[in-house]
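Each remark here refers to the structure printed beneath this line.
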Amino acid sequence: MQLHQVEYFLAVVDHGGINAAATSLELAQPTLSQAIRELERQLGVELFHRIGRGMVLTSAGHAFAGPARRLVRDVVAAEGALPDAVGHLRGRLDIQAQPSLAADPVARLVGAFRRLHPNVFIRIGDLRDEETATTLIRDGHCELLFCHLPIPGLDGLDVIELGVQEYAMVFPPGTELPPEDPLPLSALPDIPQVVVPRGGSYLGQFERALAESGRARRPAVVVQHREARLPCVLAGVGCTFMERSAAEAAAARGVVVRMTDVTISPLYGLVYDASALSPAGRAFVELARP
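Each residue of the sequence shown is one higher than the one before, starting from 1 at the first, in the UniProt record's numbering.
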């Protein structure tokens with residue numbers, strides 16, 4: 001097994017198929033397909049299910065992905081162990097972040113880090129499941145994890161608390177609301193709700209608060225992608241619950257934003273394993289410290 005084969009495998013994982021991966025690698029598709037087949041032959045397992053034009057990881061592929069990322073990080077870290085002539089680190093940094101934290105603090109910190117270390121390649125993945133988040137670090141899928149706190153499985157890992165995240169209600173343009181500010185949940189108008197699937201502790205808090213106030217309603221729409229909430233609200237489908245910074249930014253597009261009398265402000269932070277950090281990972285952690 002050679003390093004370029006592992007890099008090809010990860011490219012297919014990250015791009016979801018041969019076509020996009022081949023484009024990113026500047027390879028012919030048959031060349032990439034052959035390389036993946038050869039890697040599977042050498043390992044003695046199938047890494048992907050071939051479904052039409054798509055590629056879906058098998059259980060063996062999932063098991064191999066973490067060690068593969070760790071291998072690539074280790075090689076890149078070894079090659080870039082010493083900074084360049086002007087002190088820039090070289091390497092690769094794999095980050096997993098909850099979508100609600102992607103704009104801030106993740107994008108802000110990544111921007112600051114890249115200004116200091118422009119030769120470090122950074123991959124940011126979406127963290128969808130808090131319950132198993134720490135296994136992503138332990139299994140090598142990422143070095144750094146941005147998430148709400150606390151989460152299960154933190155024993156032996158390091159945590160930096162970065163702040164709290166506030167949430168607001170967002171209503172379709174022109175919605176008439178009672179004058180109270182913050183708005184009591186018990187005074188919510190009878191408007192359909194746009195929600196995301198369960199998976200975040202803050203969502204459970206909000207649903208319980210709605211139930212206690214007698215305003216729980218069957219969702220009008222359940223969207224898999226959080227980014228779809230705002231277009232649904234703008235289209236008049238219903239109201240939703242959003243991070244305050246995103247909600248206030250959306251107000252410029254005409255939605256009605258109100259804080260409620262139920263304060264839901266989950267703590268968030270950075271999780272990592274100090275004993276396994278690459279030079280780039282250590283530099284990022286130091287930058288992130290309040």
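For every residue, glycine included, the Cβ atom is placed at its ideal position computed from N, Cα and C.
Taking C-beta to C-beta, are residue 368 and LEU157 nearer than 9 angstroms? Because residue 368 is not part of the residues shown, which for the chain are 1 to 290, the question remains open.
Status (buried if at least 16 other CB within 10 Å, exposed otherwise) for LEU185: By one-based count along the sequence shown, residue 185 stands at place 185. Classification of LEU185: buried, given that the 10 Å Cβ count is 16 or more.
Give the DSSP bridge partners of PHE48, in chain order. In the sequence shown, the residue the question calls residue 48 occupies position 48. Partner(s): LEU57.
Inspect the beta-carbon positions of HIS141 and ARG37 and report whether they are closer than 9 angstroms. One-based indexing of the sequence shown puts residue 141 at position 141. One-based indexing of the sequence shown puts residue 37 at position 37. Not a contact, by the Cβ cut-off of 9 angstroms.
Counting Cβ pairs closer than 8 angstroms, one from the stretch 90 to 99 and one from the stretch 130 to 147, do we hit at least three? yes
Could you spell out the range, first to last residue, of the alpha helix (DSSP H) harbouring ASP14? Here the question's residue 14 lines up with position 14 in the sequence shown. Note, ASP14: alpha helix (DSSP H), 3 to 15.
Using a Cβ-Cβ cut-off of 7 angstroms (strictly less than) and excluding sequence neighbours within five positions of THR58, which residues of its own chain qualify? Translated into positions along the sequence shown, residue 58 becomes position 58. Beyond the five residues adjoining it in sequence on each side, THR58 comes within less than 7 angstroms, by CB distance, of GLU46, LEU47, PHE48 and HIS49 in the same chain, given in chain order.
Short check: CB of residue 291 to CB of MET169, under 9 angstroms? Lying outside 1 to 290, the shown extent of the chain, residue 291 is not represented and no answer is given.
Do VAL221 and VAL195 count as a contact pair if the criterion is CB distance below 9 angstroms? If you number the sequence shown from 1, residue 195 lands on position 195. If you number the sequence shown from 1, residue 221 lands on position 221. Yes, they are a contact pair.
Using DSSP with H/G/I as helix, E/B as strand and the rest coil, what is GLY238? In the sequence shown, residue 238 corresponds to position 238, counting from 1. In this structure, GLY238 counts as coil in the three-state DSSP scheme.
Between which two residues does the alpha helix (DSSP H) holding GLU286 run? Residue mapping note: residue 286 aligns to position 286 of the sequence shown, counting from 1. Counting along the chain, the alpha helix (DSSP H) containing GLU286 begins and ends at 279 to 288.
Quick one: using the 10 Å Cβ neighbour count with 16 as the cut-off for buried, is ARG154 buried or exposed? Here residue 154 refers to the residue found at position 154 when the sequence shown is read from its first residue. This sequence places Leu at residue 154; Arg is not what is there. That one is exposed.
Given ARG123 as reference, the closest of ALA280, GLU40 and SER213 once Cα atoms are compared: Residue 123 sits at position 123 when you count from the first residue of the sequence shown. The residue with the shortest Cα to Cα distance from ARG123 is ALA280.
DSSP puts ALA97 in a beta bridge; with which residues? Here residue 97 refers to the residue found at position 97 of the sequence shown. ASP126 and PHE146, per the DSSP bridge assignment.
Beta-bridge partners of PHE121, as assigned by DSSP: Translated into the one-based positions of the sequence shown, residue 121 becomes position 121. The partner list for PHE121 (beta bridge, DSSP) reads ARG92.
Would you kindly check if the distance between the Cβ of ILE191 and the Cβ of residue 296 is under 9 angstroms? With the chain covering 1 to 290 only, the question about residue 296 has no answer from this structure.
Can you give the Cα-Cα distance for PRO219 and CYS239, rounded to whole angstroms? Here the question's residue 219 lines up with position 219 in the sequence shown. Here the question's residue 239 lines up with position 239 in the sequence shown. Roughly 10 angstroms between the two C-alpha positions.
Assigned exposure category for ARG53 - 16 Cβ within 10 Å defines buried: Counting from 1 along the sequence shown, the entry for residue 53 is found at position 53. Under this definition ARG53 is an exposed residue.
The beta strand (DSSP E) that contains GLY163, what's its start and end? Position 163 of the sequence shown, counting from 1, holds the residue named residue 163. Annotation: the continuous beta strand (DSSP E) that includes GLY163 extends over 158 to 164.
One question on the structure: do ILE151 and ARG289 come within less than 9 angstroms of each other, judged by their Cβ atoms? Residue numbering aside, residue 151 sits at position 151 when the sequence shown is read from its first letter. Residue numbering aside, residue 289 sits at position 289 when the sequence shown is read from its first letter. It is not a contact, given that the beta carbons lie outside the stated cut-off.
May I ask you to report which of helix, strand or coil DSSP gives HIS180? On the sequence shown, position 180 is the one that residue 180 refers to. One detail in the question is off: residue 180 reads as Glu in this sequence, not His. Looking at GLU180 - three-state DSSP - the assignment turns out to be coil, as it is neither helix nor strand.
Does DSSP put GLU243 in a helix, in a strand, or in coil? One-based indexing of the sequence shown puts residue 243 at position 243. Residue state, collapsed to three classes: strand.
Rounding to the nearest angstrom, what Cα-Cα distance links LEU136 and LEU25 in this structure? As a first step, residue 136 must be located in the sequence shown, where it is residue number 136. As a first step, residue 25 must be located in the sequence shown, where it is residue number 25. Roughly 25 angstroms between the two C-alpha positions.
For ALA20 and VAL72, what's the separation of their Cα atoms in angstroms? For the purposes of this step, residue 20 is identified with residue 20 of the sequence shown, where counting begins at 1. For the purposes of this step, residue 72 is identified with residue 72 of the sequence shown, where counting begins at 1. One C-alpha to the other measures close to 20 angstroms.
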